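Below is one structure, written out as structure tokens; the observations come after it.
Residue numbers (my numbering): 38 to 159.
Written out as structure tokens, the structure reads:
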């Protein structure tokens with residue numbers, strides 16, 4: 038069950054949030070083999086000054102940061118995660134979001150670290 042959290046400017050949220058939600062979910066299904074109904078996402082629109090970032094870090098021209106944090110069970114290989122990142126970026130680019138503005142971070146934990154209406158294995 039990936040938990041996706043997205044922080045972005047309010048302008049980006051207004052313009053893209055619904056489509057981003059759908060496209061990120063498609064990438065979870067396609068690359069992480071998440072069930073279609075396994076959709077848990079939090080979108081946080083931010084006011085100017087609340088997202089602080091270096092616009093040139095890593096020699097990348099960042100203009101309007103979209104920070105995607107994914108909490109998931111530790112079961113995916115590095116290759117699968119790279120495919121997931123690429124899929125998300127391609128899908129968001131198709132919406133008009135610049136790849137340079139996208140940052141994805143994954144945090145992993147175990148099945149025992151989740152409660153979603155029932156305990157794992159019940």
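Just so you know, even glycine gets a beta-carbon here, dropped at the ideal spot from N, CA and C. Every value quoted in this text rests on a predicted model; they were computed, and no experiment measured them.
How about residue i and residue j: do their beta carbons lie closer than 7 angstroms?
{"i": "residue 124", "j": "residue 67", "result": "yes"}
{"i": "residue 138", "j": "residue 99", "result": "yes"}
{"i": "residue 43", "j": "residue 107", "result": "no"}
{"i": "residue 126", "j": "residue 45", "result": "no"}
By how many angstroms is the C-alpha of residue j removed from the C-alpha of residue i?
{"i": "residue 58", "j": "residue 105", "result": "11 angstroms"}
{"i": "residue 155", "j": "residue 38", "result": "13 angstroms"}
{"i": "residue 89", "j": "residue 65", "result": "27 angstroms"}
{"i": "residue 83", "j": "residue 47", "result": "5 angstroms"}
{"i": "residue 111", "j": "residue 49", "result": "30 angstroms"}
{"i": "residue 53", "j": "residue 70", "result": "24 angstroms"}
{"i": "residue 135", "j": "residue 72", "result": "28 angstroms"}
{"i": "residue 62", "j": "residue 153", "result": "18 angstroms"}
By a C-beta neighbour count over all protein chains shown, 10 Å radius and 16 as the cutoff for buried, is residue i buried or exposed?
{"i": "residue 94", "result": "exposed"}
{"i": "residue 128", "result": "buried"}
{"i": "residue 121", "result": "buried"}
{"i": "residue 60", "result": "buried"}
Is DSSP giving residue i helix, strand or coil here?
{"i": "residue 45", "result": "strand"}
{"i": "residue 24", "result": "The structure shown has nothing for residue 24, since the chain only spans 38 to 159."}
{"i": "residue 108", "result": "strand"}
{"i": "residue 84", "result": "coil"}
{"i": "residue 61", "result": "helix"}
{"i": "residue 4", "result": "Here the chain covers residues 38 to 159 and nothing more, so residue 4 does not appear."}
{"i": "residue 102", "result": "coil"}
{"i": "residue 143", "result": "strand"}
{"i": "residue 79", "result": "strand"}
key: Any 3 or more C-beta pairs closer than 8 angstroms across the region 109 to 118 and the region 72 to 81   = no
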